[in-house]
Amino acid sequence: MKKPDPRIYQKALELLKFEFKPEQYIMVAPLDYDLRAAAKNLSKATYIHRTTEDPREDMEQVRECDIFISGTDGSKAWGLNALADMLRARNESELLSS
Numbered sequence: 131m132k133k134p135d136p137r138i139y140q141k142a143l144e145l146l147k148f149e150f151k152p153e154q155y156i157m158v159a160p161l162d163y164d165l166r167a168a169a170k171n172l173s174k175a176t177y178i179h180r181t182t183e184d185p186r187e188d189m190e191q192v193r194e195c196d197i198f199i200s201g202t203d204g205s206k207a208w209g210l211n212a213l214a215d216m217l218r219a220r221n222e223s224e225l226l227s228s
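What follows is the structure, given as C-alpha cells:
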C-alpha cells in the first residue's frame, strides 16, 4: 500500500493515534493526485499550488478542493504561511462564536 492509494491516508491516521475523527483532519497537498486520494478519507483537502508541481494540471478543476492556495509567487504570504493564517483566523472565529 502506497500513495495515492486512499487507504494509506487512513493508515496514517491510525498510526498517529490521535483521538480525532477523520473529518477533523486537513490534508495539505502540493500534488493533485495526493489531494484526490486523501479527500476520500478526510473531510478537508487543501491544495497549495506551486510552480514546480502539477505543471499540466487544470488548476480550475483543482480549485474545487476545500482550500486552494496559490503559492506560485514564492512570497511568505502564500503557501503554508497562508494556510496557517487561515486556520488561525477560522479557529479564532469559532472561539468567538461559542
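In this text, residue positions in the sequence shown follow this note's numbering: the first is 131, and each later residue adds one. For glycine and all other residues, C-beta sits at the position ideal for the given N, C-alpha and C. Fair warning: this is a prediction, and the values are worked out from it, not measured in the lab.
*Identified DSSP bridge partners for threonine 176*: DSSP lists Val158 and Ile197 as partners of threonine 176.
*Quick one: what does DSSP say aspartate 164 is sitting in, helix, strand or coil?*
When secondary structure is reduced to three states using DSSP, aspartate 164 falls in the helix class.
_Simplified DSSP state of proline 136, which is helix, strand or coil_ = Three-state result, proline 136: helix.
*Apart from the five residues just before and just after arginine 180, which ones in its own chain have a Cβ nearer than 7 angstroms to its Cβ?*
A distance below 7 angstroms between beta-carbons, with the five flanking residues on each side excluded, links arginine 180 to the following residues of its chain, in chain order: Pro160, Gly201 and Thr202.
*asked:* On the criterion of 16 or more Cβ atoms from any shown chain inside 10 Å, does tyrosine 163 qualify as buried, or is it exposed?
replied: Burial call: exposed.
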